[in-house]
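One point on numbering: in this note's numbering, the residue at position 61 of the sequence shown is 61, and numbering is uninterrupted. Encoded as structure tokens, the structure appears first; notes follow it.
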Amino acid sequence: MYRGKTVPALEGKYVFGDYVSGRLFALETRDGKAVQNSIIAEGVGQISAFGTDQSNELYICDHGSGKILEAGQAIAALSGSATD
Numbered sequence: 001m002y003r004g005k006t007v008p009a010l011e012g013k014y015v016f017g018d019y020v021s022g023r024l025f026a027l028e029t030r031d032g033k034a035v036q037n038s039i040i041a042e043g044v045g046q047i048s049a050f051g052t053d054q055s056n057e058l059y060i061c062d063h064g065s066g067k068i069l070e071a072g073q074a075i076a077a078l079s080g081s082a083t084d
């Protein structure tokens with residue numbers, strides 16, 4: 001669940017990715033049930049893992065490039081904006 005400050009629109013949403021398509025998703029829940037699943041970025045890479053720093057900002061491990069990406073920057077760069 002996203003608890004960072006960089007992308008306020010993702011606060012409280014579950015963020016997950018697809019290794020094959022490189023898509024990054026955000027799942028909104030209400031009362032423990034999924035209410036909306038959205039693609040928030042495409043072309044992220046081969047998403048293999050996620051992590052957070054001491055400020056709860058989200059990082060994405062790209063297996064294909066061997067890079068660790070800061071999620072807020074990746075979302076903004078790949079989607080044109082950091083979710084509406």
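Glycine residues also receive a C-beta, built at the ideal position from the N, C-alpha and C atoms. Since we're looking at a predicted model, the values are computed, not measured.
| Item | Value |
| --- | --- |
| Which word fits I68, buried or exposed, when buried means at least 16 other C-beta atoms lie within 10 angstroms of its C-beta? | exposed |
| Give the DSSP-derived three-state secondary structure of G87 in the structure shown. | In the structure as shown, the chain starts at 1 and stops at 84, and residue 87 therefore has no counterpart that could be examined. |
| Exposed or buried, what is K33 when buried is set at 16 or more other beta-carbons lying within 10 Å of its beta-carbon? | exposed |
| Could you say which of D62, E70, V35 lies nearest to V20 if we only look at CA atoms? | D62 |
| Just the Cα atoms here: how many angstroms apart are T29 and S65? | 32 Å |
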